[in-house]
Amino acid sequence: MSVPYETAAHEAAESPETPEEHLARLLGRALNSFELPDECVRQLDCALAHDSSLHSAHHSAGLHRETYRHTWLLSDGSALTLWELVHNPTPGSEPQHEVYVDEEELRAATARLPLPADAPDFELPVLVQLAPVPAPRHVYVPDDSADHARRLLRRAENADRPGADTAALLRSAFAHQIIQAFGRPCRAGRIGLGFALYEHAFLLRDGREISLWEVEHTATPDGRHMCEVYPTEDAAREAMERRAAQVS
Numbered sequence: 001m002s003v004p005y006e007t008a009a010h011e012a013a014e015s016p017e018t019p020e021e022h023l024a025r026l027l028g029r030a031l032n033s034f035e036l037p038d039e040c041v042r043q044l045d046c047a048l049a050h051d052s053s054l055h056s057a058h059h060s061a062g063l064h065r066e067t068y069r070h071t072w073l074l075s076d077g078s079a080l081t082l083w084e085l086v087h088n089p090t091p092g093s094e095p096q097h098e099v100y101v102d103e104e105e106l107r108a109a110t111a112r113l114p115l116p117a118d119a120p121d122f123e124l125p126v127l128v129q130l131a132p133v134p135a136p137r138h139v140y141v142p143d144d145s146a147d148h149a150r151r152l153l154r155r156a157e158n159a160d161r162p163g164a165d166t167a168a169l170l171r172s173a174f175a176h177q178i179i180q181a182f183g184r185p186c187r188a189g190r191i192g193l194g195f196a197l198y199e200h201a202f203l204l205r206d207g208r209e210i211s212l213w214e215v216e217h218t219a220t221p222d223g224r225h226m227c228e229v230y231p232t233e234d235a236a237r238e239a240m241e242r243r244a245a246q247v248s
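In this text, residue positions in the sequence shown follow the working numbering: the first is 1, and each later residue adds one.
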């Protein structure tokens, strides 16, 4: 027995799927999944995150048609979209699922459906069209990133370091990149005073990106090494200025 699309979507919302699981479920219910190019499927096997949304719908005289946009964020920063067409061929019949690589194929498939003559055009108003998935700001490396975030926050000695909410978000991190930040220098302060600023960028399972800014310095009374972590670059650079002023 097939599972209604709405029920499957509700179950997915309660238990988030990985990009691989979502792809497998989509292809498993699509009648024409064998028509997808092999290269397309290979690209999706390495997806980092995904998002699905209703694109358009029409219901009339017992017939219905919905189209869904499924977008995956790939490891090279690009996005790949598949279009799913869900419809019933006759009133009261089970829904059928089809999947297409581009909108032209989707339009052609939609035109073949036995919808009433007054069915609306497929194009949606601009206000409800989905925005493109933004490319990631960094080149991430899948790793034990959640543990890296935990250790980074644990070694931070500043009282105003990111708190429990940020720590909870970063438990879903699965890839990260560390970049040394240069640019605006802080005041020299005491001779031999050392400062270094690093951005720890994390990619979360839902596609969001979060950065923590680590300040490493020896601006301490005894010259020992100290680590501080801040939620923004500005906050980190202001802390560097304060530390330099305190020991100059």
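Just so you know, even glycine gets a beta-carbon here, dropped at the ideal spot from N, CA and C. Quick caveat: nothing in here was measured; it's all calculated off a predicted structure.
Reduced DSSP category for residue i - H, G, I as helix; E, B as strand; rest coil
i	result
E228	strand
S145	helix
A168	helix
H22	helix
L152	helix
A196	strand
A219	coil
E214	strand
E17	coil
E233	helix
A159	coil
M1	Here M1 scores only 36 on pLDDT, less than 50, and its place in the model should not be relied on; the value that follows carries that caveat. If DSSP states are grouped into helix, strand and coil, M1 belongs with coil.
Residue i burial status per 10 Å Cβ neighbour count (16 or more: buried)
i	result
T67	buried
P19	buried
V139	exposed
V41	exposed
E94	exposed
Y230	buried
H176	buried
H70	buried
A239	buried
A24	exposed
N228	What sits at residue 228 in the sequence shown is Glu, not Asn. By the 10 Å Cβ count, E228 comes out buried.
A168	exposed
A156	buried
H225	exposed
Q246	exposed
H59	exposed
CA-to-CA distance, residue j to residue i, given in whole angstroms
i	j	result
H87	R65	4 angstroms
D206	L212	18 angstroms
A219	E209	30 angstroms
A111	G28	24 angstroms
A201	E233	12 angstroms
H55	L82	12 angstroms
Q43	A79	10 angstroms
A244	R237	11 angstroms
R242	A235	11 angstroms
A57	E98	15 angstroms
V215	Y100	48 angstroms
S33	P114	22 angstroms
F174	L204	6 angstroms
E39	L152	39 angstroms
Residue i: CB within 7 angstroms of a non-hydrogen atom of the ligand GDP
i	result
H50	No copy of the ligand GDP appears in this structure; indeed no ligand is present at all.
C-beta neighbour in chain D for residue i, strict 8 angstroms
i	result
H50	Absence of chain D from the displayed structure is noted, only one protein chain being present.
Problem set entry | Contact the segment 141 to 161 vs the segment 101 to 111: 3+ CB pairs below 8 angstroms | No, they do not touch.
For this session: Taking 8 angstroms as the threshold, find out whether the segment 194 to 203 comes into contact with the segment 156 to 164 through three or more Cβ pairs.
Result: In short, these stretches do not touch, since the Cβ pair count stays below three.
For this session: Tell me, please, whether the segment 35 to 50 touches the segment 71 to 83 by the rule of three or more beta-carbon pairs shorter than 8 angstroms.
Result: They touch, by the three-pair rule.
Problem set entry | Contiguous alpha helix (DSSP H) assignments of at least 4 residues, all confined to the segment 78 to 123 | Considered as a whole, the segment 78 to 123 harbours 103 to 111 as its complete alpha helix (DSSP H) runs of no fewer than 4 residues, in chain order.
For this session: Scan the segment 24 to 68 and note each continuous alpha helix (DSSP H) run of 4 residues or more that stays entirely inside, going in chain order.
Result: Segments of the alpha helix (DSSP H) lying fully in the segment 24 to 68: 38 to 44.
Problem set entry | At least 3 beta-carbon pairs within less than 8 angstroms: the segment 79 to 98 vs the segment 25 to 43 | Contact between the segment 79 to 98 and the segment 25 to 43 is present, because at least three Cβ pairs lie under 8 angstroms.
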